[in-house]
Amino acid sequence: MKPGPFDYARPATVERAAALLAGSGFAKLLSGGQSLGPMLNLRLARPDLLVDLTHIASLKEIRETKDFLEIGACVTHANIEDGLVPDCTNGMLPSVASNIAYRAVRNRGTIGGSLSHADPAADWVSTLTVLDAEIVIRGAKGQRRVPMANYMLGTFEVALEEGEFLEAVRVPRFSKSARWGYYKFCRKAGEFAEAIGAVVRDPERGVCRAVMGATHSTPILVADATALIGQGFDAAAAGALLDRHEITDAYERQLHVEALRRATVQAGA
Amino acid sequence: MADGDIKEGKGVGARLIRKEDDRYMRGRGQYIADIKLPGMVEVAFHRSPLAHARLRGVTIPEEHRGSVFTAADMVGVKPMRAVSGLPGFKPSEQPAIVTEKVRHVGEPVAICFAEGRAEAEDIAASLIVDWEELPAVSDMLKGREPGAPLLHEHWGDNIFLESFVDGDIESIAKDAAIKVTREIRTARQCMAPIEGRGVVAWWDNRLNQLTLYSACQMPHIIRTGLCGCLGLDHAQVRIIAPDVGGGFGYKGILLAEEVACGWLAMKIGRPVRWIEDRREALTAAANCREHHYFITGYAAADGTLLALEAEATVDSGAYSAYPFSACLEAAQVASILPGPYDFKAYRCRTYSVATNKCPILPYRGVARTGVCLAMELILDGIAVEAGIEPYEVRLKALVPPEKMPFDNITKKHFDSGDYPECLKRAVAAIDVPAVRARQKRGEPDGRLIGLGMSIFCEQGSHGTSVYAGWGIPMVPGHEQAQARMTPDGGLEIRVGVQSHGQGLETTLAQVANEVLGIDPAKIQVVHGDTGMTPYSTGTWGSRCMVMAGGAVATACKELGKRLGRIGAKLLQTDVANVKIGNGEVVGPSGSVSIAEIARVWYLRPQDLPADVDPGGIEVTAGYKPQRDSGTFSYAAHAVVVAVDPVTGGVEILDYVVVEDGGVLVNPMIVDGQVYGGVAQGIGTALLEEMPFDAAGQPLASTLADYLLPGSTDVPSIRILHMETPSPYTEFGQKGIGESGAIGPPAAIVNAINDAIRPLGAEINQVPATPRRVVEAIAAAARAKKVA
Ligand SMILES: Cc1cc2nc3c(=O)[nH]c(=O)nc-3n(C[C@H](O)[C@H](O)[C@H](O)COP(=O)(O)OP(=O)(O)OC[C@H]3O[C@@H](n4cnc5c(N)ncnc54)[C@H](O)[C@@H]3O)c2cc1C
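Chains W and R, in that order, give the protein sequences. Take this note's numbering: the final residue in the first sequence is number 269, and no numbers are missing along the way. Take this note's numbering: the final residue in the second sequence is number 1787, and no numbers are missing along the way.
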């Protein structure tokens, strides 16, 4: 379980990183290495070049506006858990962060790496989808932004063009009265989820969103979940969503519906 | 003194801090991966990606010729063979490197080396192997069917061994008011010591000797096995087990990798090293626990157990592993299924089935973990039928203390103990009425509470007669130990067993202290090196404290006599007048310390009279207990769980172990053994499973898929001790190392069933995963609808 040979570069700026990515050969970005490391060791990834993003200062920055919080791609789960990143979600971000994997993984794993790795079972994938976050993408030609729901395309698949990478995420600010729910079921502490239910209710902003995550692909998003969770939890409607996404296994269906129900209860709906 | 109380001093019974922990806790242990020899190369194996296939050829790229060897190069190397003397056993031949046919995923096809492991893996990946794939046997029951693909064609079937214990079930069955039948399954597991396997081998020209370091549990047996395969004399092989980070049976085997690395070191004249990685362990070495039972218990209307009938199948994997053979588990199943109970009739047929999986090894508890699960599920079934508490069924059937020692229905000789009292203490500690009351109240979160118990006895330290009966390559005889004084009054204890977490460097020093009174700080226990220790079958079967402990005591007593004779000379008195103890020889008019005697013997012999006993102060002695049929420690486990009926999640709320290991040499270390064992048992019960697809591919190839219990899965375990001495051993101690891992699956599954029984559901399989729990509940709901 040792990786094949590769070159390693540690750029100091996003421009330099973009240039390295655009170079010849198969380059792969390295952030926390918590997913890529095992893939290299198992030789599932055989890049010619690793471009380490973690020494680019701007990727660790936090920016706040009155509408959103911008978190740099290389901010770690632990930073968010520890409150080193200001919270605009009435506690949702740090709570989710603190239940990702084990502390050792959280110390290195990054929000940008997690979202770009796009494992359907990853916590940020579901969380930023329910939060309606925006993804800031950097490429040789500059920046562009896409909503999280359009960033992840499928399992291990994101909307990055050749030479692009995730620079930051923008999380909309909750109003004071907003409530959230997040429930994940996993076999043991620190394991990836088998089902995730996530809910955000923010009537002041006119937001009522729900997500069923840790499916076989992108999270199932209900952008207007008023009917699903507005009058108590509609289990039949949740089941119909699973039908539509061809999730047929009885056990998985039960877990997904229950995870969403528990998240709904937590969100006070 | 009450059981488990703290004892004064540093001898038998003291809770002495472990001597070896000083280096372990400071990160100064010396494991295989810490060994670096000048000129050493790293090895990677090209392993079979297929479970069953004929090898047509291996193409080695031009640039790597000379760094790759296959079976064709290893002329004269013999396959590993572990024959059993049990009638009808079919032997297998396991080549170190695949010759014509591969029989499980992960078998080594070529040994590759380079300066670093990554380069060695590059070379291994560059080989092109031509395979002719064959249909595989990936399920033991299918492997038994006529027409199944054959692993060893000349056998005509896939059965290593069929064994049968007969009894008159029919006469009991016809009048039995209660009959409970179950089909029970345990998963194939992969033992997971923190340190995997590893080998360093080099040829010592001065000694004309292959020195092979291996993370192993039985260096002397490895030496004998390796000599056989490589055609070397014992004098030409030295095996050293340095610090070893856990074994559990995983390292109680002659490895293909040991044979291959030993051969390679001789071939290329350089030291070679192979360190197993986790992927190799999971894909090439998931090798234990897989049992299947059809089992029926018969009982009277009041729940008294009358008879037991079973057919057990054990998935033995592709080969008979050296030295324990492919049938150790199944043969044991037949003899130990009756557990600690007394009943009238018993019948059991067992099959050891060859499948396209890696060879089965005995894992901590060996067959007992599965056996205990099968038996204890039946007893809970009887309790339900009889309408009484599960512990009441057990109390009716347990061998009572007044019958001890007791020969049970399979002629196992239970040495001593009070089994009913053990169970009663567990019942009291877990507080059965309180749990029942809580169940009645119900939980605010909708979870269901369940109470489960198991009780079992563990034959340990079984000796010559038992193993001679199985007729495997390794039969333990008298266990030997060496006790030798050093000139400064230190004591060296040399033993052929190996300590890989058991704390023997401490407990054997405690034994020596008990006999001679020398401070354990001045006692060095030397183990794990065939060049420095007497021959032994090594560490397995919960045998060390009884066998090596007895041997150390015997050697120390003889050493004491010799010291006494010299001491008497120094005290100018007759040997009949002196006594030894507390580190000195005491005479009628004075005393002399053992240290002084050693100093005089080695450094000032001129102070001794000419007629001093010339035997010296180095002693090797052999030991057997008064009976070699084994000690029987026993334990009751009681557990309370909360089951989430919607997600199937199981949380352990309380866990009690009442354990009787006879006289405890170091109760603190015993507690540690029990904690660790229970953690592993929880893994068996709830988490660990290596699934295989129909082609024999192992499906959990990383620890993200093969789930091990972590700190959050293991509750704080409450341990209560009883200490009933064994009448046959040196201090009354019994083997106890494996015990903790035996009881949990039975207790936990019984608890889950207790929780979900109101829903009409039951589970008879481990691990009891959330999916299985939910599916059991769903099946019960469906059955209700139909009815
Ligand atoms: C034992 C264990 C348990 C885990 N449990 C969980 C869990 O419960 N929940 C959970 O959510 N996660 C879990 N993880 C995953 C963890 O959160 C990782 O941190 C995350 O998946 C990847 O983040 P990273 O920074 O380590 O990325 P890396 O491993 O460095 O990279 C991952 C992938 O993303 C690419 N990449 C990295 N950064 C960028 C970027 N800025 N733009 C574009 N592409 C990029 C890489 O090229 C690579 O393909 C677990 C990991 C481990 C090892």
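Think of the CB as a built atom: it goes at the ideal place given N, C-alpha and C, for glycine as much as any other residue.
Think of a sphere of 7 Å around the beta carbon of T1712(R): the chain W residues whose beta carbon falls inside it are K188, A189, in chain order. Assignment of V1575(R) by DSSP, reduced to helix, strand and coil, places it in the helix class. With contacts defined as CB atoms closer than 9 Å, A121(W) and A97(W) fail to qualify as a contacting pair. The alpha-carbon separation between F26(W) and V51(W) amounts to approximately 11 Å. Contact annotation for G32(W) against chain R: no contact, minimum CB-CB distance about 16 Å [criterion: below 7 Å]. Collapsing the DSSP output to three states places G154(W) in a strand. For A1694(R), the closest alpha carbon among the candidates P1744(R), K1036(R), P1135(R) is that of P1135(R). In summary, the residues of the stretch 27–57 of chain W whose CB is separated from some CB of chain R by less than 8 Å are P38, L42, R43, in the order they occur in the chain. Within chain W, G4, P5 have C-beta atoms less than 8 Å from the C-beta of D1122(R), given in sequence order. At the C-beta level, Y182(W) and M92(W) come within 9 Å of one another. Contact between V1366(R) and E258(W) does not hold, since their C-beta atoms are separated by about 39 Å, which reaches or exceeds 8 Å. Counting only runs that start and end inside the stretch 1514–1550 of chain R, the beta strand (DSSP E) elements of at least 3 residues fall at 1523–1526. Under the criterion of beta carbons closer than 8 Å, I1032(R) and I1275(R) qualify as touching, at roughly 7 Å.
When C-beta atoms of the stretch 1307–1327 of chain R are compared with those of the stretch 1347–1358 of chain R, three or more pairs fall below 8 Å, so the two segments count as touching.
In this structure, Q34(W) has its beta carbon less than 8 Å from a heavy atom of ligand 1. For L1210(R), the enclosing beta strand (DSSP E) stretches over residues 1209–1214. Distance from the CA of I229(W) to the CA of T264(W), rounded to the nearest whole angstrom, comes to 7 Å.
Interface annotation, Q254(W): in contact with chain R, CB-CB separation under 9 Å. For H1046(R), the number of other beta carbons within 10 angstroms of its own is at least 16, and it is reported as buried.
For L44(W), the shortest C-beta to heavy atom distance toward ligand 1 is 8 Å or greater.
For F156(W), the number of other beta carbons within 10 angstroms of its own is below 16, and it is reported as exposed.
The shortest C-alpha to C-alpha distance from R1494(R) to any of D1488(R), G1501(R), T1506(R) is the one to T1506(R). V1466(R) sits in a helix when the DSSP states are folded into three classes.
Using a Cβ-Cβ cut-off of 9 Å, E157(W) does not count as an interface residue toward chain R, since no Cβ of chain R sits closer than that to its own. The alpha-carbon of L1016(R) is positioned some 18 Å away from that of V1546(R). Judged by DSSP secondary structure, W1202(R) falls within the beta strand (DSSP E) whose first and last residues are 1198–1204.
Around the Cβ of A1553(R), a 10 Å sphere holds 16 or more other Cβ atoms; the residue is buried. Taking a beta-carbon distance threshold of 9 Å, L1653(R) does not count as an interface residue toward chain W.
Rounded to whole angstroms, V1612(R) and K1569(R) show a C-alpha spacing of 7 Å. V1105(R) and P1359(R) have their C-alpha atoms roughly 11 Å apart. Annotation: Cβ neighbours of L1707(R) in chain W (cutoff 8 Å, chain order): R187, K188, E191. L1151(R) and A1318(R) have their alpha carbons spaced roughly 7 Å apart. Ranked by Cα distance from S24(W), the first of N41(W), L49(W), D87(W) is L49(W). Residue state for C1227(R) is assigned as helix, using DSSP reduced to three classes. By the C-beta density criterion, I1128(R) is exposed, having fewer than 16 other C-beta atoms within 10 angstroms. Of the residues assessed, N41(W) falls on the buried side of the cut-off, its CB having 16 or more other CB atoms within 10 angstroms.
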